[in-house]
Amino acid sequence: MTEQNFNSYNDKVMKRFLKPKNFGKIKNPDGTGSMGNQKCGDIMEISFKLGKDKKKIKEIRFQTWGCGAAIAASDALCEIAKAKTLSDAKKITNKDIIENLGGLPNVKLHCSVLGAGALHSAIKNYEGSKKK
Ligand code: FES
């Protein structure tokens, strides 16, 4: 086994896990999306609201039925996505999230995929609602 094991969450991850700043659900969101993780069965939900000009993400929140790494990763994702245009937010990957967190244990890397996937699904939801 490598040095990174189940107990090797760094301080940044622990802080976001224990005191996430972006947990919750937005009232009257512009977009909502979710993603499930086939490996563990956990689910992530993202909701966001755009600014008045409808160009940038003004507020973004997450809810998860997932582990500590998923909570920390989603909280980091929300920070990364805030104030981004939707086209920039679409480019956010789990690698960006892992980098922002200063790393995750290898066995928890899959948990970071949920947030980015749910965000992309929420953006699709918004774009789909505009076409109607
Ligand atoms: S173990 Fe399911 S999201 Fe982390």
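Going by this note's numbering, the first residue of the sequence shown is number 100, and it counts up by one from there.
We treat Cβ as the ideally placed atom computed from N, Cα and C, and that holds for glycine.
Proximity winner among the options, relative to residue i (alpha-carbon distances)
i           : options            : result
residue 159 : 214, 227, 229      : 214
residue 132 : 168, 199, 207, 162 : 162
Environment of residue i [buried if 16+ CB atoms lie within 10 Å]
i           : result
residue 225 : buried
residue 207 : buried
residue 176 : buried
residue 201 : exposed
residue 203 : buried
Straight-line Cα distance separating residue j from residue i
i           : j           : result
residue 156 : residue 172 : 18 Å
residue 212 : residue 205 : 13 Å
residue 119 : residue 151 : 26 Å
residue 168 : residue 192 : 16 Å
CB contact flag (residue i, residue j, <9 Å)
i           : j           : result
residue 135 : residue 142 : yes
residue 181 : residue 219 : no
residue 210 : residue 165 : yes
residue 170 : residue 116 : yes
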